[in-house]
Amino acid sequence: DGMAPGFVSELRTRDAAWLADTAATLERGAILLVDYGLPRAQYYHPSRAGGSLCAFRQHRRVNDVLANPGIQDLTAWVDFTGLAEAGAAAGLTVGGFTTQAHYLIATGVERELARLSAGRPERAQLALRQSAATLMLPGEMGERFKALALIRGIHGPLAGFGGRDLSESL
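Okay, structure coming up:
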């Protein structure tokens with residue numbers, strides 16, 4: 148509702164069924180979803196009137212998503228509000244929602260990076276720092292990727308969501 152004529156977006160008809168099937172096996176615990184995506188208000192913003200479907204081949208973006216079927220990867224962003232709603236319909240509640248960078252910081256990525264770097268040559272340490280930067284920088288995966296926890300039967304703050312919980316944006 149409220150989309151301008153010509154607005155194009157992906158239709159995710161199987162997300163709710165997939166999440167319901169996954170939740171059916173969960174008696175107590177959390178489902179952690181990490182992917183490119185946005186809350187619905189941002190996902191369907193007029194600046195994204197062309198949708199988010201894109202293609203990659205050898206880690207490079209390809210303009211024509213149908214150019215090389217079977218050779219290039221297709222991807223589309225996630226509507227995290229839709230996943231939260233599907234979770235609620237399956238009896239789950241939101242345990243937290245944040246950016247990948249904040250999730251990694253809150254779960255100790257710096258400590259793990261130091262542990263992995265200990266005793267390695269400087270070149271290997273640099274490679275580890277560069278990999279971590281790709282995962283955490285805003286212009287890279289740090290802000291584009293989000294983490295959503297859907298929970299059942301557990302309480303209290305979940306590791307990873309204490310620093311910057313964006314659940315209210317869902």
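Here the sequence shown is numbered in the numbering used here, starting from 148 and rising by one per residue. Note that CB positions come from ideal geometry on N, CA and C, so glycine has one too. As the structure is a computational prediction, the values presented were derived from the model and not from experiment.
Counting the other Cβ atoms within 10 Å of the Cβ of Phe-154 gives fewer than 16, which makes it exposed. The continuous stretches of alpha helix (DSSP H) do not include Phe-292, which lies in the beta strand (DSSP E) extending over residues 292-299. Here Ala-253 is buried, its C-beta having at least 16 other C-beta atoms within 10 Å. The straight-line gap separating the alpha-carbon atoms of Thr-246 and Pro-268 is approximately 31 Å. If you look at Ala-202, you'll find it isn't in any alpha helix (DSSP H); it sits in the beta strand (DSSP E) that goes 201-204.
Looking at the DSSP output, Phe-244 shares a beta bridge with Leu-295. In the three-state scheme derived from DSSP, where H, G and I count as helix and E and B as strand, Ala-306 is classed as coil. Taking Leu-166 as the centre and dropping the five residues before and after it, the same chain places the C-beta of Leu-230, Ala-233, Gly-234 and Ala-237 closer than 7 Å to its C-beta, in chain order. Asp-211 carries a coil assignment under DSSP once its states are collapsed to helix, strand and coil. As the crow flies, the alpha-carbon of Arg-161 is around 28 Å from that of Arg-207. Per DSSP, reduced to three states, the secondary structure at Gly-176 is strand. Per DSSP, Thr-254 lies in no beta strand (DSSP E) segment and is marked neither H nor E. A residue is called buried once 16 or more other Cβ atoms fall within 10 Å of its Cβ, and Leu-180 is buried on that count. Our two residues, Ala-202 and Ala-271, have alpha carbons roughly 31 Å apart in a direct line.
By the Cβ neighbour-count rule, Pro-186 is buried, with 16 or more other Cβ atoms within 10 Å of its own.
Secondary structure note for Asp-162: its alpha helix (DSSP H) is the uninterrupted segment 162-171. Taking 8 Å as the cut-off, the Cβ atoms of Ala-223 and Ser-199 count as close.
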